[in-house]
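Below: one structure, written as structure tokens.
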Amino acid sequence: MTDTVVTHLLELENISLSFKGVKAVNEISFRVATGEICALIGPNGAGTSSLLNVISGVYQPQAGRIRFDRQEWRKMRAHDVAVRGIARTFQNIALFKGMSVLDNVLTGRNLKRRSTWIEQALRIGRARGEDDRQREAAEHVIEFLHLQPWRDVLVGTLPYGLQKRVELARALATEPRLLLLDEPMAGMNADEKQQMSGFIVDINRELGTTVVLIEHDIGVVMDISDHVVVLDYGRKVGDGSPEAVRQDPEVISAYLGARH
Amino acid sequence: MEFFFEVLIGGLLAGVMYALVAIGFVLIYKASGVFNFAQGAMVLFSALTFVSLLERGVPFWLAFLISLAAMVLIAVAVERVVLRPLVNRSPITLFMATLGLSYVIEGFAQALWGAQVHGLELGISDEPLELGGMLLSKFDIFAALTAASLVLVLSWLFNKTRLGLSLRAVADDPLAALAVGIRLQRVWVVVWSVAGFVGLVAGLLWGARLGVQFSLSLVVLKALPVLIIGGFTSISGAIVGGLIIGASEKLAEVYLGPMIGSGIENWFPYVLALLFLLVRPAGLFGERAIERV
Amino acid sequence: MFYREVGQFSTRYAQGRRVFALRQDRHGLVALLLVAFIVVPWLGNDYWLSAILIPFLVLSLAGLGLNLLTGYAGQLSLGSAAFMAVGAFATYNREVRVAALPLLCSIGLGGVAAALVAVLFGLPSLRIKGFYLLVSTLAAQFFVTWALTRFSWFSNNSASCVISAPRLEVFGVNLDAPAGRYLLTLTVVVALFWLGKNLVRSELGRNWMAVRDMDTAAAVIGIPLAKTKLLAFAISGFFLGVAGALWAFAYLGTVEPHGFDLNRSFQILFIIIIGGLGSLLGNFLGAAFIVLFPVLLSNLVSLLPGGLIDAGQVENLQKMLFGALIILFLIKEPEGLARLWQRFRQRARLWLLRY
Chain A
1 MTDTVVTHLL
11 ELENISLSFK
21 GVKAVNEISF
31 RVATGEICAL
41 IGPNGAGTSS
51 LLNVISGVYQ
61 PQAGRIRFDR
71 QEWRKMRAHD
81 VAVRGIARTF
91 QNIALFKGMS
101 VLDNVLTGRN
111 LKRRSTWIEQ
121 ALRIGRARGE
131 DDRQREAAEH
141 VIEFLHLQPW
151 RDVLVGTLPY
161 GLQKRVELAR
171 ALATEPRLLL
181 LDEPMAGMNA
191 DEKQQMSGFI
201 VDINRELGTT
211 VVLIEHDIGV
221 VMDISDHVVV
231 LDYGRKVGDG
241 SPEAVRQDPE
251 VISAYLGARH
Chain B
1001 MEFFFEVLIG
1011 GLLAGVMYAL
1021 VAIGFVLIYK
1031 ASGVFNFAQG
1041 AMVLFSALTF
1051 VSLLERGVPF
1061 WLAFLISLAA
1071 MVLIAVAVER
1081 VVLRPLVNRS
1091 PITLFMATLG
1101 LSYVIEGFAQ
1111 ALWGAQVHGL
1121 ELGISDEPLE
1131 LGGMLLSKFD
1141 IFAALTAASL
1151 VLVLSWLFNK
1161 TRLGLSLRAV
1171 ADDPLAALAV
1181 GIRLQRVWVV
1191 VWSVAGFVGL
1201 VAGLLWGARL
1211 GVQFSLSLVV
1221 LKALPVLIIG
1231 GFTSISGAIV
1241 GGLIIGASEK
1251 LAEVYLGPMI
1261 GSGIENWFPY
1271 VLALLFLLVR
1281 PAGLFGERAI
1291 ERV
Chain C
2001 MFYREVGQFS
2011 TRYAQGRRVF
2021 ALRQDRHGLV
2031 ALLLVAFIVV
2041 PWLGNDYWLS
2051 AILIPFLVLS
2061 LAGLGLNLLT
2071 GYAGQLSLGS
2081 AAFMAVGAFA
2091 TYNREVRVAA
2101 LPLLCSIGLG
2111 GVAAALVAVL
2121 FGLPSLRIKG
2131 FYLLVSTLAA
2141 QFFVTWALTR
2151 FSWFSNNSAS
2161 CVISAPRLEV
2171 FGVNLDAPAG
2181 RYLLTLTVVV
2191 ALFWLGKNLV
2201 RSELGRNWMA
2211 VRDMDTAAAV
2221 IGIPLAKTKL
2231 LAFAISGFFL
2241 GVAGALWAFA
2251 YLGTVEPHGF
2261 DLNRSFQILF
2271 IIIIGGLGSL
2281 LGNFLGAAFI
2291 VLFPVLLSNL
2301 VSLLPGGLID
2311 AGQVENLQKM
2321 LFGALIILFL
2331 IKEPEGLARL
2341 WQRFRQRARL
2351 WLLRY
């Protein structure tokens, strides 16, 4: 194996985040290579979700830098992060409960629209062809995740597993370069997990999207990820390939359980 | 300079009256998570009942007790018909339900007792009392003392008794409270009755000052700026908010009024609350909600 | 069962996006419009036109305006009547001071004025959420009515504050008669509802609903929160302003602030609660309810043995029933009459088959 120079799509440098004195994230640094699936693991409260929130602009860190594809920042609002090509799903489903599956996925297309609201209101100009184009793009995503039968169903009425899939579809619709998934398989049974893993791998291989996911099921993590980062109480305790991390004694004692 | 203080203190004392109404809101909000738009109607109804009984020759304390009983009945009815079916719905839905409720109570009050203005004599005259070179209204001072004692009693209720603990639990999470065996319905009836009692007291004081009439229910709207400044969940906040609104309203009326025009007090409290919100979105004492994603 | 629905499928996306999917429904809509535009003004009597249909149409439009802001975008507002007042007064001032402007232009500009005021009082929504936002629209409500009464410039320095609306004339045709005012109102309302339909089904409409349902998630997928919220206020303000102008010009014949008080704001809020939040049809149903309910009630009361319920009590009874109905709707059918209608239609389509 030759040593290739890997471009890192995402780089975190000494990110620290605290809430009213409680440090949720403590000087975390790691890098995610372009095109890889990176798993972020750690017990509950380790700071994994907070880290994802920092990257996606929901929380602003007190210290540290984020580097994404040649741009660098510390504080950035969620909207601007989305514009740069980062999309995410949430741990507790954040779908728009009052809308159908198709409408939810279509909201993901809003950054790709060219027509203004006036054109849409009067149905003139760029608005005319665009509805069809966006619908087509949304349909591609729906097809990719096998959601066709539920296209017009109100998402609030769907079972949990399907809702998670719709949220994934909505994130995918934005055509992101980096996809952040917060426990995409939480609450699923073995079959559903396998299906979701398959989708995530497809997204990575076929669409070339870099994926960072938080996941508690170690089997899944070992199976699909190229790179694992381990957190414990807001600090990084492991960083490397799945096999290396699995054998790291510090990780074992903190997370996987020490043998007495 | 003395004039300024006179106006200021007059405003503060008026603010105490606002605070009284606001306390009723805080109670209900603390325990049912509902912004009870019908509070004003409750104030009106209780005052109207009391005054009408008085006018029919019923002695003071009996009339008070009967009015209080009426408020408890209303509390029971509200819990049964409005709160129970709407448990766990969105706050906006509950707010709109209280909007409807206010119409029902107002209509009922006027159907029962008529729409005329009733004067109310509480036995404390509005004579000025001289204190330190300033003229203060005896009535206002009485109102302030009443409010203060009410606050003390309520604070004790909320913080030191088991009932108060149940109330706070229910405010936080009704389902969880149910799960630990707290009797939701009973708690709600108690809270709305207490709020009814507070409303009665407020109604009597306001009624003695303005006369018991329909516009009493508009006082509820002034309570909103009070709550915004003081926070929706704090009784002491309601007091502070009331004082601030009362004082600033009076001062604006006296000092800004001649420049801009009369009737400023109609909108000044709201604009003040609005500006306040922009700086402190959770009010002075309110809790900042942390949104967990 | 009343239609033959067989064989109607959409083969293009545009067909799937149509409001009325069934051919029969589309024909029905055309028929309804023909009746509204041609038959009604010809056959209708003055009372029905002036006292029932015109306020019904104007209140539907006002309901739509508030629905865009509260039902679709989720921003609670108690200031609707203030924005209507701005529209009415702005239109009046344009008509009176700039004589050359055609009526429809003046009404449009009145709407724009209302939109600007709405945006001003909507700015706090960028920092404040939920209930607290009520105080901003309440401030609008009280401030605007105070300003319009206080500064006589708005009412063209007339002695009393009640001013009468100038003559209605479009393209040289005098519209002062009930039928004329009805047609003017109908045209404007139909046009704005078409616009509203396009808006709520467009990306902006979806953005509004996204902001209403979960604004953090909306920001995360790239929806611009500030622009979306302010547009909601602006467009809602525009619709309400036009409704206000029509209310003053086509219905009342006078322009005065008292008709645009807090009670009016509540009335419009009730229209959209009863009619259905987030629905287009709901505005019509809610407005019809609000306009017809008092009429029906007094007719019912007059049927009872005389003197049982006197006139003053009818008003109180109305108030109580009203409040009770609001609570009932919120409990039983929070999506209002529109949803009830929808369910009825579903049943009717399958009637006799039931499953």
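Chains as they are written, first to last, in my numbering: chain A, 1 to 260; chain B, 1001 to 1293; chain C, 2001 to 2355.
Built from N, CA and C at the ideal position, the CB exists for glycine as well.
For the segment 2217-2232 of chain C, the beta-carbon criterion of a distance under 8 Å to any beta-carbon of chain A is satisfied by Ala2217, Ala2218, Ala2219, Val2220, Ile2221, Gly2222, Ile2223, Pro2224, Leu2225 and Leu2231. Nearest neighbour of leucine 17 of chain A by Cα position, chosen from A:Ile55, A:Ile252 and A:Leu111, turns out to be A:Ile55. Contact check for alanine 1019 of chain B against glycine 1241 of chain B passes: the beta carbons are separated by less than 9 Å. For phenylalanine 1050 of chain B, the enclosing alpha helix (DSSP H) covers residues 1039-1055. Of the residues assessed, aspartate 182 of chain A falls on the buried side of the cut-off, its CB having 16 or more other CB atoms within 10 angstroms. The shortest C-alpha to C-alpha distance from serine 100 of chain A to any of A:Ala46, A:Val166, A:Gly35 and A:Asn92 is the one to A:Val166. Collapsing the DSSP output to three states places tryptophan 2351 of chain C in coil. For phenylalanine 2270 of chain C, the enclosing alpha helix (DSSP H) starts and ends at 2262-2275. With its beta carbon at least 9 Å from every one in chain B, glutamine 2267 of chain C lies outside the interface. Beta-bridge partners of alanine 63 of chain A (DSSP): A:Ser16. Annotation for leucine 1020 of chain B: the continuous alpha helix (DSSP H) segment containing it runs 1002-1032. The alpha carbon of alanine 2226 of chain C has as its nearest neighbour, out of C:Gly2253, C:Phe2289, C:Arg2127 and C:Gly2275, the alpha carbon of C:Arg2127. A buried status is given to valine 2086 of chain C, since no fewer than 16 other beta-carbon atoms sit within 10 Å of its beta-carbon. When rounded, the separation of the alpha-carbon atoms in threonine 2185 of chain C and valine 2242 of chain C is 10 Å. Here arginine 2212 of chain C is buried. Its C-beta has 16 or more other C-beta atoms within 10 Å.
The closest CA to that of arginine 2181 of chain C, considering only C:Gln2342, C:Leu2325 and C:Pro2041, is found on C:Pro2041. Not flagged as an interface residue toward chain C: leucine 51 of chain A, since no C-beta distance is shorter than 9 Å. Two segments are said to touch when three or more pairs of C-beta atoms, one from each, lie closer than 8 Å; by this definition the segment 145-165 of chain A does not touch the segment 2243-2254 of chain C. Secondary structure note for leucine 2138 of chain C: its alpha helix (DSSP H) is the uninterrupted segment 2133-2150. Contact annotation for methionine 99 of chain A against chain C: Arg2206, Met2209, Ala2210 and Asp2213 [CB-CB distance below 8 Å, chain order]. In this structure, the beta-carbon distance from phenylalanine 2233 of chain C to alanine 2118 of chain C falls below 9 Å.
Ser56 and Val58: these are the residues of the segment 48-76 of chain A whose beta carbon lies less than 7 Å from some beta carbon of chain C, given in chain order. The distance from the Cβ of tyrosine 2092 of chain C to that of valine 2255 of chain C is about 5 Å, consistent with a contact at the 8 Å cut-off. For glycine 208 of chain A, the number of other beta carbons within 10 angstroms of its own is below 16, and it is reported as exposed.
Between the beta-carbon of phenylalanine 1064 of chain B and that of phenylalanine 1050 of chain B there is about 7 Å, and that keeps the pair under the 8 Å contact cut. Taking the beta carbon of tyrosine 2013 of chain C as reference, the chain A residues within 8 Å of it are Asp131, Asp132, Arg135 and Glu136, listed in sequence order. No Cβ-Cβ contact shorter than 9 Å links leucine 168 of chain A with threonine 210 of chain A. Taken through DSSP and simplified to helix, strand or coil, phenylalanine 30 of chain A comes out as strand. Annotated three-state conformation of aspartate 239 of chain A is strand, per DSSP. With a threshold of 16 other beta carbon atoms within 10 Å, glutamine 2267 of chain C meets it and is buried. Here valine 211 of chain A is bridged, per DSSP, to A:Ile37 and A:Leu179. With a beta-carbon spacing of about 11 Å, glycine 2111 of chain C and arginine 2094 of chain C fall beyond the 8 Å limit used to define contacts. Short of 6 Å from the beta carbon of alanine 1177 of chain B, and not among the five residues preceding or following it, lie these beta carbons of its own chain, in chain order: Ala1169 and Val1170.
Counting along the chain, the unbroken beta strand (DSSP E) around isoleucine 86 of chain A starts and ends at 86-88. Proline 1225 of chain B sits in a helix when the DSSP states are folded into three classes. DSSP, reduced to helix, strand and coil, places lysine 75 of chain A outside both helices and strands of the structure shown, so it counts as coil.
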